[in-house]
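Student: First the structure, which I've put down as structure tokens, then a few questions once you've had a look.
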Amino acid sequence: MLFHTIPKHTDCSIDSLRYEELNQMLLADIIEICRERNLPTEGTKSQLISDLLFWKENTTRLVPAPSTPRLNEFEISQYASSTPSTSAMKNEREALRSREFSMLFLNGETDTGLDIPFKELVIKRKIGSGGFKDCYEGNKHYVRKNDNFSYKQIAKFRCLQRSNNITEAVAVGELRITRFNEINLAEIKHEINVLKQLRHENVVKFIGVCTHPSHLCIVTELCSKGDLFDVIRAYPRPSFAQQVMYMYDIALGVAYLHTRRPSIIHRDLKSMNVLVSSDDRAKINDFGLARIRPRANALMHTQCGTPNW
């Protein structure tokens, strides 16, 4: 006999799950569950969940145990050569997650160029940390479509890199995905949606999103001097004239947010949410609590932000 038979077991992994709970799972996980049950893996997330629920209600849910059949050592080596490799399945899973993150955070039709491949980023020293995000200093490499340079050539010819502005200093906010929940995802999606609409010299510039499943990052311009809270407490302190310039920059940024249509209310403006660039320009940052005001006379009543500020 070529293999030992092990008693079947009942698959209870989705027995207690309802549509709402399945809908909170990532599309890649839904596809994986469908593949394990020999169900179709093509279609929208809603269609796949409907197929799973129909399958659950109309089958006895008896499936072979993961280790059945148990092959002997010799048979395992022969069998492994005809099945997809673990690395191939991992790559496919990562590609699915990457596409899902891209669809979650970006609009494929209007956000062309904002999805940044991880291979274009160079992560350097850590410069800050937040609730579910670590911020790093880094570089973003650009390869122009009309130039046939490989990444090795770009690294080799650094003078060419500088002369053609192929590298840009950036801030990379890497999200700690393992600690995410639906609320965190909604906050990040909202902040990205606000940031990608803004273009002003006194608002931190949004460059794009890296949707690699292991490295989900928000990429913005680098403000090398840090936040205003630390700058005005440094020794020696900025001159009075420089402090007035910071105030002027912030006023320009707020005026831009309030006078655009539709206007944006930041709702958490404080020195820790203002960054200072290498040329001493103040730039408004952190739009996690910002709200887009639909009408010019609409009022905001929710208490939020940092009340002491």
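Counting from 54, one number per residue, gives the positions in the sequence shown under my numbering. All C-beta atoms in this analysis are idealised placements derived from N, C-alpha and C, irrespective of residue type, glycine included. Treat the numbers as computed from the prediction; the structure is a model and nothing was measured.
1) Please classify residue 264: is it buried, with 16 or more other beta-carbons within 10 angstroms of its beta-carbon, or exposed?
2) Flag this pair as touching only if the segment 328-339 and the segment 278-287 have three or more C-beta atom pairs under 8 Å; answer yes or no.
3) Quick check on this structure: which residue in 102, 74, 73 has the alpha carbon closest to the alpha carbon of residue 85?
4) What span of residues does the alpha helix (DSSP H) with residue 306 cover, start to end?
5) Please classify residue 294: is it buried, with 16 or more other beta-carbons within 10 angstroms of its beta-carbon, or exposed?
6) Is it right to say residue 306 is buried, meaning 16 or more other beta carbons lie within 10 angstroms of its own, or is it exposed?
7) Mapping DSSP to helix, strand and coil, what is residue 277?
8) Mind checking residue 166: buried by the 16 CB within 10 Å criterion, or exposed?
9) Three-state secondary structure (DSSP) at residue 316?
10) State the beta-bridge partners of residue 110 as determined by DSSP.
11) In the structure shown, what three-state DSSP assignment does residue 330 receive?
12) Buried or exposed: which applies to residue 319, given that a residue is buried once 16 or more other Cβ atoms fall within 10 Å of its Cβ?
13) Could you tell me which of 89, 174, 79, 87 sits nearest to residue 272, measuring between CA atoms?
14) On the DSSP letters alone, give me the boundaries of the beta strand (DSSP E) that residue 228 sits inside.
15) Pick from 314, 342, 298: whose alpha carbon is nearest that of residue 329?
16) Considering only the beta carbon of each residue, do residue 195 and residue 219 sit closer than 7 Å?
17) According to DSSP, what are the bridge partners of residue 82?
18) What residues in its chain sit with their C-beta under 6 Å from that of residue 354, if we drop five residues either side in the sequence?
19) With a Cβ-Cβ cutoff of 7 Å, do residue 96 and residue 244 count as a contact?
20) Between the C-alpha atoms of residue 186 and residue 73, what's the straight-line distance to the nearest angstrom?
21) Look at the alpha carbon of residue 266 and the alpha carbon of residue 249, and state the distance between them as a whole number of angstroms.
22) For residue 177, which residues in the same chain have their Cβ closer than 8 Å to its Cβ, ignoring the five residues on either side in sequence?
23) How about residue 240 and residue 270: do their beta carbons lie closer than 7 Å?
24) May I have the straight-line CA-CA distance separating residue 179 from residue 251, to the nearest angstrom?
25) Quick check on residue 102: does DSSP put it in helix, strand or coil?
26) Kindly give me the distance between the Cβ atoms of residue 247 and residue 337, rounded to whole angstroms, as I take these residues to be in contact under 8 Å.
Tutor: Considering the structure as presented:
1) On the sequence shown, residue 264 is found 211 positions in, with the first residue counted as 1. Buried.
2) yes
3) Taking the first residue of the sequence shown as 1, we reach residue 85 at position 32. Ranking 102, 74, 73 by Cα distance to residue 85 puts 102 first.
4) Locating residue 306 in the sequence shown gives position 253, where the first residue counts as 1. That run of the alpha helix (DSSP H) goes 293-312.
5) What you label residue 294 is simply residue 241 of the sequence shown in a count that begins at 1. Exposed, since its Cβ has fewer than 16 Cβ neighbours within 10 Å.
6) Numbered from 1 along the sequence shown, position 253 holds the residue referred to as residue 306. By the 10 Å Cβ count, residue 306 comes out buried.
7) Your numbering for residue 277 matches position 224 in the sequence shown. If DSSP states are grouped into helix, strand and coil, residue 277 belongs with coil.
8) Within the sequence shown, numbered from 1, the residue matching residue 166 stands at position 113. Exposed, by the Cβ-count rule.
9) The count along the sequence shown starts at 1 and reaches residue 316 at position 263. In the structure shown, residue 316 sits in a strand (DSSP, three-state: E or B).
10) Against the sequence shown, residue 110 aligns to sequence position 57. Note: residue 110 sits in no beta bridge, so no partner.
11) Looking up residue 330 in the sequence shown gives position 277. Residue state, collapsed to three classes: coil.
12) For the purposes of this step, residue 319 is identified with residue 266 of the sequence shown, where counting begins at 1. Burial call: buried.
13) The residue labelled residue 272 in the question sits at position 219 within the sequence shown. Residue 174 is the option with its Cα nearest to residue 272.
14) Position 175 of the sequence shown holds residue 228. 220-228 is the extent of the beta strand (DSSP E) around residue 228.
15) Residue numbering aside, residue 329 sits at position 276 when the sequence shown is read from its first letter. Answer by Cα proximity: 298.
16) Walking along the sequence shown from the start, residue 195 turns up at place 142. Walking along the sequence shown from the start, residue 219 turns up at place 166. Taking 7 Å as the Cβ cut-off, residue 195 and residue 219 qualify as a contacting pair.
17) Start at 1 with the first residue of the sequence shown, and residue 82 comes out as number 29. DSSP lists no partner for residue 82.
18) Numbered from 1 along the sequence shown, position 301 holds the residue referred to as residue 354. Because residue 354 carries a pLDDT of 49, less than 50, the predicted location of this residue cannot be relied on, and no value is offered for it.
19) In the sequence shown, residue 96 corresponds to position 43, counting from 1. In the sequence shown, residue 244 corresponds to position 191, counting from 1. Result no, Cβ atoms of residue 96 and residue 244 do not sit closer than 7 Å.
20) In the sequence shown, the residue the question calls residue 186 occupies position 133. In the sequence shown, the residue the question calls residue 73 occupies position 20. Each residue's Cα considered, the two are about 27 Å apart.
21) For the purposes of this step, residue 266 is taken as the residue at position 213 of the sequence shown. For the purposes of this step, residue 249 is taken as the residue at position 196 of the sequence shown. Between residue 266 and residue 249, the C-alpha separation is close to 21 Å.
22) Taking the first residue of the sequence shown as position 1, residue 177 is located at position 124. So the qualifying residues of the chain are 189, 190, 191, 192.
23) Position 187 of the sequence shown, counted from the start, is the residue given in the question as residue 240. Position 217 of the sequence shown, counted from the start, is the residue given in the question as residue 270. Contact flag unset, no.
24) For the purposes of this step, residue 179 is identified with residue 126 of the sequence shown, where counting begins at 1. For the purposes of this step, residue 251 is identified with residue 198 of the sequence shown, where counting begins at 1. The straight-line gap from Cα to Cα measures roughly 26 Å.
25) For this step, residue 102 is matched to residue 49 along the sequence shown. It is helical.
26) Mapped onto the sequence shown, residue 247 falls at position 194. Mapped onto the sequence shown, residue 337 falls at position 284. Residue 247 to residue 337, Cβ: 11 Å. No contact.
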